[in-house]
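Asks: The sequence shown runs contiguously to residue 275 in this note's numbering.
Note that CB positions come from ideal geometry on N, CA and C, so glycine has one too.
What follows is a structure written as structure tokens; I'll ask about it next.
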Amino acid sequence: MALPALRWPAEALWLDLEPLRPGLSVEVSAECDSTSTRLLERARAGDPSPCLLVAERQTAGRGRLGRQWRSSLGDSLTFSLALPFAPPRWEGLSLAVGVALAEALHPALRLKWPNDLWLPGEGEVPDRKLGGVLIETQGLANPGRAGERFLVVGIGINLHAPAAEPGDAYARAGVAELDPSLDAPGALARVARPLLETLAVFETQGFDATLQARFAARDALRGRRVRLQGAGLGDEEGTACGVDSDGALLVHTGPQGETRRIMSGDVSVRTC
Ligand code: BTN
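Laid out in structure tokens, this is it:
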């Protein structure tokens, strides 16, 4: 089996993180199909223990809406955090995760609902996607608490933008453009603790007013024209006007000021 090529602070991370989530393990894999797939399969096979699994290379990385997630060794941070989770309500979880990541990585980063990290454009340069979050859950054979499920938060962050390919849905950026000193282990060290802390807040309070305000401070879509597609919407345009207390995206669509509440993760939202 290939050994990891980079220097990962796995032991130091574990010492820092385990007190926040007792029983958490921190694992580094040189290569796997998808860190999220690995952890979901582990839980299905009867091991739902908390784990942060990093892969230097994924051969079948998965994104939202059934898309592929492309990344390559040294150019990206790909990891999943899995744990039994029982929040008072689940709405807004992906937004909360995005908030934790953006705040930990750089003040310039913005959030594109529901959970993309964006580097804002300037002049002729468009906004570019720098990272994404994939939230998946699965039932537990023996839930310890009411409503508890096995949560897998999959995170992909570009250090350097992958080369553009025909048919790409968006332009891409890398966080090293903002902070050239950052490598994948450094980025993990920066985001892991804030991520666990935010999940701990979410598990007691859900998407509360504080998280809503933190999202609003980085909302990349507010005030912009957007096109909505999917989940029976046809193809509709409107102006994004923030997220509500359930984490739903609010979009003014009609001349009479009708507002659509977009809850579904199946809806694709593009800027016009
Ligand atoms: C998206 O923006 O579409 C979400 C991308 C999530 C990618 C990460 S990389 C680590 C984890 N494993 C996967 O297969 N996907 C997530």
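(1) With which residues is N161 paired in a DSSP beta bridge?
(2) If you draw a straight line from the C-alpha of A195 to the C-alpha of P188, how long is it?
(3) Which ranges would you report for the beta strand (DSSP E) in the segment 49 to 103 if only whole runs of at least 3 residues count?
(4) Taking A99 as the reference, which of T213, T242, G49 and L191 has the closest Cα?
(5) Can you name, in chain order, every residue of its own chain whose Cβ lies under 8 angstroms from the Cβ of F88, other than the five neighbours on each side?
(6) Quick one: grab the DSSP three-state call for Q259.
(7) Can you have a look at C275 and say buried or exposed, based on whether 16 or more other CB atoms are within 10 angstroms of its CB?
(8) Whole angstroms are fine: how far does the CA of D130 sit from the CA of G147?
(9) Tell me, please, which residues DSSP counts as bridged to W121.
(10) Going by CA-CA distance only, name the one from G245, Q259, G257 and L198 that's closest to M266.
Replies: Taking the structure as given:
(1) S79
(2) 10 angstroms
(3) List check, beta strand (DSSP E) in window: 54 to 61 and 79 to 88.
(4) T213
(5) T140, E151, R152, F153, L154, L202 and E206
(6) coil
(7) exposed
(8) C-alpha of G147 to C-alpha of D130: approximately 43 angstroms in a straight line.
(9) Beta-bridge pairing links W121 to R113 and K132.
(10) Residue G245 is the option with its Cα nearest to M266.
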